[in-house]
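Enquirer: Heads up: the sequence shown is residues 437 to 633, going by this note's numbering.
Every residue, glycine too, gets a C-beta built ideally from N, C-alpha and C.
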Amino acid sequence: MMSKASSGAMEQSPIYRLKILSVIALLFSVTLLMFWVQANGLIDNLDRLVRENAYVSVSGWDLPTIVVMPCFFGIIYGLVLRLFNKATSARISKTMKFCLFFAGAAVVVRVVYGFMLSGFMEGHGYIFCQPYTSPSIYARQVYVRDEGYCVQHTGVIRRDILTWLDQQYLPGEPLRPDVVREQIAVMLAASNAEREI
437 MMSKASSGAM EQSPIYRLKI LSVIALLFSV TLLMFWVQAN GLIDNLDRLV RENAYVSVSG
497 WDLPTIVVMP CFFGIIYGLV LRLFNKATSA RISKTMKFCL FFAGAAVVVR VVYGFMLSGF
557 MEGHGYIFCQ PYTSPSIYAR QVYVRDEGYC VQHTGVIRRD ILTWLDQQYL PGEPLRPDVV
617 REQIAVMLAA SNAEREI
């Protein structure tokens, strides 16, 4: 068994400090990246909603991810305390309570937000479009302004369709469903021709 003195000396070693710094840098980078991706997606789609765009893609994970961010910063704070040898059991306990509060809040927000999302979108005149929604668990659900915009069996070109719908946006001039269907037929034909080559 190691004595407390040798354990403390090991914790002060440059290798130990380098490991802690690496974990802090990695966790901080991942946290900022997650925040940027989720916040950016939320802001983009709120903008689409306000502009009454042809579609809006929403995720039940946007708000919960933002709510849980302080938990990650709490973990980083705990690691910084450890790095400077200031980690007392009282400080770590307070940090854990802080983290658990925001983690719990994120779970509650996820459940409530998930249940309210479809009703909120329908209340703003949008209809869920399964063909444009990826089958992944974290995928954004796509809602369209007009039922005619949602065309079945188009999953293979869903990204192209959404990009095209974004490019067609004109304020106050909604797209006609027949125009959307014609463009999708052209895209499908081009996609099928590419796969046959």
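1. Can you tell me which of GLY550, PHE551, ILE593 puts its alpha carbon nearest to the alpha carbon of TYR568?
2. If I'm right that ILE511 touches CYS535 with Cβ under 8 Å, what's the distance once you round it to whole angstroms?
3. Here's a check: name, in chain order, each residue in its chain whose Cβ is nearer than 7 Å to the Cβ of LEU517, leaving out the five neighbours to either side.
4. In angstroms with no decimal places, state the Cα-to-Cα distance between GLN604 and LEU611.
5. Please report the residue range of the beta strand (DSSP E) in which SER493 lies.
6. State the beta-bridge partners of VAL578 as determined by DSSP.
7. Within this structure, are the beta carbons of SER495 and ARG484 separated by less than 9 Å?
8. Judging by CA-CA distance, which residue of VAL615, TRP600, THR590 is the nearest neighbour of LEU624?
9. Could you check which residue in ALA461, PRO607, VAL547, VAL587 has the C-alpha nearest to that of GLU618?
10. Just mark GLN566 as buried or exposed, buried being the case when its beta carbon has 16 or more other beta carbons within 10 Å.
11. If we ignore side chains and look at the alpha-carbon of each, how far apart do LYS533 and CYS507 end up?
12. Are the Cβ atoms of LEU601 and VAL616 separated by less than 9 Å?
13. With distance defined between alpha-carbon atoms, name the residue in TYR574, GLY561, SER525 nearest to ARG546.
14. Go ahead and pull the three-state DSSP assignment for PHE538.
15. Starting from PRO610, trace the alpha helix (DSSP H) both ways and give me its first and last residue.
Expert: Concretely, from the data shown:
1. The residue labelled residue 568 in the question sits at position 132 within the sequence shown. For the residues GLY550, PHE551, ILE593, the minimum Cα distance to TYR568 belongs to ILE593.
2. The count along the sequence shown starts at 1 and reaches residue 511 at position 75. The count along the sequence shown starts at 1 and reaches residue 535 at position 99. Sure, about 6 Å apart at Cβ, within 8 Å.
3. As a working note, residue 517 is residue 81 in the sequence shown. Correct list, in chain order: ALA523, ARG527.
4. As a first step, residue 604 is located in the sequence shown; it is residue number 168 there, counting from the start. As a first step, residue 611 is located in the sequence shown; it is residue number 175 there, counting from the start. GLN604 and LEU611: Cα-Cα distance of roughly 8 Å.
5. On the sequence shown, position 57 is the one that residue 493 refers to. It spans 491 to 494 - the beta strand (DSSP E) in which SER493 sits, taken as one unbroken run.
6. Within the sequence shown, residue 578 is the residue found at index 142, counting from 1. VAL578 is bridged to SER493.
7. In the sequence shown, residue 495 corresponds to position 59, counting from 1. In the sequence shown, residue 484 corresponds to position 48, counting from 1. Going by C-beta atoms, SER495 is not nearer than 9 Å to ARG484.
8. Numbered from 1 along the sequence shown, position 188 holds the residue referred to as residue 624. LEU624 has its Cα closest to that of THR590, out of VAL615, TRP600, THR590.
9. Locating residue 618 in the sequence shown gives position 182, where the first residue counts as 1. Among ALA461, PRO607, VAL547, VAL587, the Cα nearest to that of GLU618 belongs to VAL587.
10. Reading the sequence shown from its first residue, position 130 is the one you call residue 566. Flag for GLN566 reads exposed.
11. Your numbering for residue 533 matches position 97 in the sequence shown. Your numbering for residue 507 matches position 71 in the sequence shown. Spanning the two alpha carbons is a distance of roughly 9 Å.
12. As a first step, residue 601 must be located in the sequence shown, where it is residue number 165. As a first step, residue 616 must be located in the sequence shown, where it is residue number 180. Yes. Within cutoff.
13. For the purposes of this step, residue 546 is identified with residue 110 of the sequence shown, where counting begins at 1. Checking every option, the nearest Cα to that of ARG546 belongs to TYR574.
14. Working through the sequence shown from its first residue, we reach residue 538 at position 102. It is helical.
15. Residue numbering aside, residue 610 sits at position 174 when the sequence shown is read from its first letter. Note, PRO610: premise wrong, no alpha helix (DSSP H); not H, not E.
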